[in-house]
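Novice: In terms of my numbering, the sequence shown opens at residue 861 and continues consecutively.
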Amino acid sequence: MSRAPIRALVVDDEPLSRTSVVAELRHDPDVSLAGECSSGDEALAEIRRLRPDLVFLDVEMPECGGFDVLEMLGVEVPPAIVFVTAYDRYAIQAFEVGALDYLLKPFDGARFTIALERAKERIAAYRSTPRTTERLAIKSIGGVTFVRITEIDWIEASDYYSRLHVGGKTHLIRRSMADLEKDLQSFFFCRVHYSTVRSIG
861 MSRAPIRALV VDDEPLSRTS VVAELRHDPD VSLAGECSSG DEALAEIRRL
911 RPDLVFLDVE MPECGGFDVL EMLGVEVPPA IVFVTAYDRY AIQAFEVGAL
961 DYLLKPFDGA RFTIALERAK ERIAAYRSTP RTTERLAIKS IGGVTFVRIT
1011 EIDWIEASDY YSRLHVGGKT HLIRRSMADL EKDLQSFFFC RVHYSTVRSI
1061 G
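1) Who are the Cβ neighbours of R878 in its own chain at under 7 Å, not counting the five residues just before and after it?
2) Within 10 angstroms of its Cβ, does R949 collect 16 or more other Cβ (buried), or is it exposed?
3) Beta carbon of A940, beta carbon of R982: below 7 Å?
4) If you run the structure through DSSP and keep just helix, strand and coil, what is L963?
5) Measuring only the C-alpha atoms, how far is V929 from E920?
6) With which residues is D913 paired in a DSSP beta bridge?
7) Can you have a look at A970 and say buried or exposed, based on whether 16 or more other CB atoms are within 10 angstroms of its CB?
8) Look up D918 in the DSSP assignment and say whether it is helix, strand or coil.
9) Is E896 helix, strand or coil when you go by DSSP?
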């Protein structure tokens, strides 16, 4: 690629799995390894700090799994997410939250190359026409729900969570009011109370 290298982050609580992904990435001169994370909490911090183009993300990790990471990132989700897991039951959810690909462990080099080529295409498109995420992913026991930011009427603080009011429905999201306000900066929202943000659009 003539542009800057793709910066990739590998997130998995199993060292062997991380090593497998890293080994595959090192074969590609277009990719630069930005870092490795062994937990979801660590991934959150590193994604915000490093701003990688591509994240290989494990689904099941103690305390904070892959879907939790995406929920808490909000509009800060990197351009390309590839889920890496030993379980196929999460595939539908993965694509619902915007994952580019879904690698089942153990994967071979050919399958990995397909995922990486898809990532390159998406990142190239993103770099030429940057997009702003306009919806929030909300993880629940039943799966993942998406809420378009423009459809939110108001938001109220609920301890360490926030409650989104959309029409006649409410959704609890595992993010603080202060954190959500960063995502809403480019939309028409105004803080009308210390615990309430309301749409003025």
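Where is the CB? At the ideal position from N, CA and C, for every residue including glycine. If you're wondering where the values come from, they're calculated on a predicted model, not measured in any experiment.
Specialist: Put simply:
1) Excluding five sequence positions before and after R878, the CB atoms of its chain that fall closer than 7 Å to its own CB belong to V870, D872, E896, given in chain order.
2) Flag for R949 reads exposed.
3) Yes, these two residues count as a Cβ contact at 7 Å.
4) strand
5) Their backbone Cα atoms lie some 11 Å apart in a straight line.
6) Its beta-bridge partners do not exist; DSSP assigns none.
7) exposed
8) Under the three-state reduction of DSSP output, D918 falls in the strand class.
9) Shown here, E896 sits in a strand according to DSSP, grouped into three states.
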